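Read the structure below first, then the notes.
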């Protein structure tokens, strides 16, 4: 792009003219707040943590952090002035010398200590700790982490509710689809949207990667994983405020399923290519074995990180952009960041589909690598067109 | 002297951007040459992009 001196000058002038309007568009209402904000900006990111959560920026940060985490109750919105939270509690189930079940409303959002069958529990950043008595307080170490013992927590948390809801939704959707095939060859209702997706997974994902003969056995797993991730991704975009697939424990669990399915369906060629690969000198074999084993273990790790990081990053971007509206708080920033958030949200719908597809695709690829028949020199040419993609 | 993690994150983003650009560019070339193979090329492109993304995210978390 060619820029003459004059056009650069004009652009700079225009920019300089616009910048003040971002800060002083509504001076009567905002001057002090905006000055406080710019002061925080000037001090730099590094000092951001040390501020008590009184300024707007750390409040937004705390809000995003809270959203990304699992939680013991549903809070739709909070009234800060009155200190009230609107939502509903969920059951807390603790295994600690016996089962204790009580409602999470007893914690009062972490402010109060709960007594259950003679034991005392406190909630700190959505983790439950055991206390000695009702008057005791959590003892924090220098990093702010409690040193009290943690308990085994089997609570029905927000994420568990979302997963149970997804499971029920999937059950009814697919039972409905299966029933509609009894009436005729065409699906009815919801099934019309599901059938193309199922065909897509079969024809574009399972058959090319696993092979015409063996794909059927793995369709159940691949479809379940695809729709589970897809529905949870899409639920995460609704204002309910659930972040399930952006939780590393859940993505790790899904990746472990793929890992186990792969290992248990592997044939002897797969193991041979890991532990004693043919047509390779013995010295190289000894060097290659640890690399191959490491390669097997990094696959579920990559699946875990990819899904978790993509969804978390999406949530952080959307919420940060919304937060910028409250940082700038004027009539130019409001609509423009609203538009930008809308744009990113639409991209997030694409990402929701893409990540579900990529997870399914890579799962089928790994399974395909484990179950394929390896062809060696003698019959290589005859079968090249049905070989799965090998990475 | 300690280099802050954010520098590493920047380097990761540069590397990942170059990689994605290379993948996308080559895929475009290939599709232009053989439009009938566009579907297969796209699938392979998405897989490689996903693998690259995995590496990039792993590095970002380390940073």
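Protein chains in written order, with UniProt numbering: chain A, 1 to 391; chain B, 1 to 63.
Cβ coordinates follow ideal geometry from the N, Cα and C atoms, glycine included.
It should be emphasised that the depicted structure is a prediction, and the values quoted were computed from it without experimental measurement.
1. With a cut-off of 7 Å, does the C-beta of residue 202 (chain A) fall near any C-beta of chain B?
2. At 7 Å on the CB atoms, spell out the chain B contacts of residue 358 (chain A), in chain order.
3. Could you spell out where the alpha helix (DSSP H) holding residue 345 (chain A) opens and where it closes?
4. Examine chain A for any beta-carbon lying closer than 7 Å to the beta-carbon of residue 24 (chain B), and answer yes or no.
5. Within 7 Å of any Cβ in chain A, is that where the Cβ of residue 8 (chain B) sits?
6. Output yes or no for whether 7 Å exceeds the beta carbon distance between residue 265 (chain A) and residue 371 (chain A).
7. Helix, strand or coil for residue 226 (chain A) per DSSP?
8. Mind the definition here: the region 307-322 of chain A touches the region 345-358 of chain A only if three or more C-beta pairs lie below 8 Å; say whether that holds.
9. Residues of chain B with CB closer than 8 Å to the CB of residue 305 (chain A), please, in chain order.
10. Does DSSP put residue 184 (chain A) in a helix, a strand or coil?
11. Would you decide whether residue 44 (chain A) is buried or exposed? Buried here means 16 or more other CB atoms lie within 10 Å of its CB.
12. Quick one: using the 10 Å Cβ neighbour count with 16 as the cut-off for buried, is residue 275 (chain A) buried or exposed?
13. Residues of chain B with a CB under 9 Å from the CB of residue 361 (chain A): which are they?
14. With a Cβ-Cβ cutoff of 7 Å, do residue 96 (chain A) and residue 160 (chain A) count as a contact?
15. Closer than 9 Å by beta-carbon distance: list the chain B residues that pair up with residue 365 (chain A), in chain order.
16. Using a Cβ cut-off of 7 Å (strictly closer), state whether residue 370 (chain A) contacts chain B.
17. Please list, in chain order, the residues of the region 290-315 of chain A that have any C-beta partner in chain B closer than 7 Å.
18. Residues bridged to residue 42 (chain B) by DSSP?
19. Among A:183, A:189, A:260 and A:216, whose alpha-carbon lies nearest the alpha-carbon of residue 199 (chain A)?
20. Quick one: using the 10 Å Cβ neighbour count with 16 as the cut-off for buried, is residue 39 (chain B) buried or exposed?
21. Grab the span of the beta strand (DSSP E) containing residue 85 (chain A) for me, first residue to last.
22. Do you know whose CA, among A:262, A:239, A:225 and A:261, lies nearest residue 251 (chain A)'s CA?
23. Between which two residues does the beta strand (DSSP E) holding residue 67 (chain A) run?
24. Going by the DSSP bridge assignment, what does residue 34 (chain B) pair with across the sheet?
25. If we call anything under 7 Å between Cβ atoms a contact, is residue 73 (chain A) one with residue 99 (chain A)?
26. When DSSP labels each residue in this structure, what does residue 78 (chain A) get in the three-state scheme?
27. In the DSSP output, which residue or residues are listed as bridge partners for residue 115 (chain A)?
28. Please classify residue 300 (chain A) as buried or exposed, where buried requires at least 16 other C-beta atoms within 10 Å of its C-beta.
29. Only counting the same chain, and skipping five residues up and downstream in sequence, which positions put a Cβ closer than 6 Å to that of residue 278 (chain A)?
30. When you compare only the Cα positions, how much space is there between residue 327 (chain A) and residue 29 (chain B)?
31. Under 7 Å between the Cβ atoms of residue 245 (chain A) and residue 229 (chain A)?
In this structure, then:
1. Counting from 1 along the first chain, the entry for residue 202 (chain A) is found at position 202. Judged by the 7 Å Cβ criterion, residue 202 (chain A) is not in contact with chain B.
2. Start at 1 with the first residue of the first chain, and residue 358 (chain A) comes out as number 358. What residue 358 (chain A) touches in chain B: 46 and 50.
3. Stepping through the first chain from its first residue, residue 345 (chain A) is reached at position 345. Where residue 345 (chain A) is concerned, the enclosing alpha helix (DSSP H) stretches over 333-371.
4. As a working mapping, residue 24 (chain B) is identified with position 24 in the second chain. With 7 Å as the cut-off, residue 24 (chain B) does not count as an interface residue toward chain A.
5. As a working mapping, residue 8 (chain B) is identified with position 8 in the second chain. Closer than 7 Å: no.
6. Along the first chain, one-based indexing puts residue 265 (chain A) at 265. Along the first chain, one-based indexing puts residue 371 (chain A) at 371. Yes, they are a contact pair.
7. As a position in the first chain, residue 226 (chain A) is number 226, starting the count at 1. Three-state result, residue 226 (chain A): helix.
8. yes
9. For the purposes of this step, residue 305 (chain A) is taken as the residue at position 305 of the first chain. The answer, in chain order, is 54, 57, 58 and 61.
10. Counted from its first residue, the first chain places residue 184 (chain A) at position 184. Looking at residue 184 (chain A) - three-state DSSP - the assignment turns out to be coil, as it is neither helix nor strand.
11. In the first chain, counting from the first residue as 1, residue 44 (chain A) sits at position 44. Bear in mind that the predicted position of residue 44 (chain A) carries a pLDDT of just 39, short of 50, making it unreliable; the figure below should be weighed with that in mind. Residue 44 (chain A) comes out exposed.
12. Locating residue 275 (chain A) in the first chain gives position 275, where the first residue counts as 1. By the neighbour-count rule (16 or more Cβ atoms within 10 Å), residue 275 (chain A) is not buried but exposed.
13. Position 361 of the first chain, counted from the first residue, corresponds to residue 361 (chain A). Within 9 Å Cβ-Cβ: 43, 46, 47 and 50.
14. The residue you call residue 96 (chain A) lines up with position 96 of the first chain. The residue you call residue 160 (chain A) lines up with position 160 of the first chain. No, the Cβ-Cβ distance between residue 96 (chain A) and residue 160 (chain A) is not below 7 Å.
15. Here residue 365 (chain A) refers to the residue found at position 365 of the first chain. Chain B residues near residue 365 (chain A): 47.
16. Within the first chain, residue 370 (chain A) is the residue found at index 370, counting from 1. No, residue 370 (chain A) lies away from the interface with chain B (no Cβ there is under 7 Å from its Cβ).
17. 302, 305, 306 and 309
18. Your numbering for residue 42 (chain B) matches position 42 in the second chain. Answer is none; residue 42 (chain B) lacks a bridge partner.
19. Stepping through the first chain from its first residue, residue 199 (chain A) is reached at position 199. If we check each option's Cα against that of residue 199 (chain A), A:216 comes out closest.
20. Walking along the second chain from the start, residue 39 (chain B) turns up at place 39. Its Cβ having fewer than 16 others within 10 Å, residue 39 (chain B) is exposed.
21. Locating residue 85 (chain A) in the first chain gives position 85, counting from the first residue. Looking at the DSSP string, the run of the beta strand (DSSP E) that includes residue 85 (chain A) is 84-89.
22. On the first chain, residue 251 (chain A) is found 251 positions in, with the first residue counted as 1. Selected option, being the one with the closest Cα: A:225.
23. If you number the first chain from 1, residue 67 (chain A) lands on position 67. Here residue 67 (chain A) belongs to no beta strand (DSSP E); instead the alpha helix (DSSP H) covers 56-68.
24. The residue labelled residue 34 (chain B) in the question sits at position 34 within the second chain. Residue 34 (chain B) is not bridged to any residue.
25. As a first step, residue 73 (chain A) must be located in the first chain, where it is residue number 73. As a first step, residue 99 (chain A) must be located in the first chain, where it is residue number 99. Their beta carbons are not under 7 Å apart, which means residue 73 (chain A) does not touch residue 99 (chain A) by this criterion.
26. Stepping through the first chain from its first residue, residue 78 (chain A) is reached at position 78. DSSP places residue 78 (chain A) in strand when its eight states are reduced to three.
27. To locate residue 115 (chain A), count along the first chain from 1; it is residue 115. Looking at the DSSP assignment, residue 115 (chain A) forms a beta bridge with A:120.
28. Numbered from its first residue, the first chain carries residue 300 (chain A) at position 300. Under this definition residue 300 (chain A) is a buried residue.
29. As a first step, residue 278 (chain A) is located in the first chain; it is residue number 278 there, counting from the start. For residue 278 (chain A), where only same-chain residues beyond five positions count, there are no Cβ hits under 6 Å.
30. Within the first chain, numbered from 1, the residue matching residue 327 (chain A) stands at position 327. Within the second chain, numbered from 1, the residue matching residue 29 (chain B) stands at position 29. Rounded to whole angstroms, residue 327 (chain A) to residue 29 (chain B) spans 44 Å at the Cα level.
31. Your numbering for residue 245 (chain A) matches position 245 in the first chain. Your numbering for residue 229 (chain A) matches position 229 in the first chain. In this structure, residue 229 (chain A) lies closer than 7 Å to residue 245 (chain A) by Cβ.
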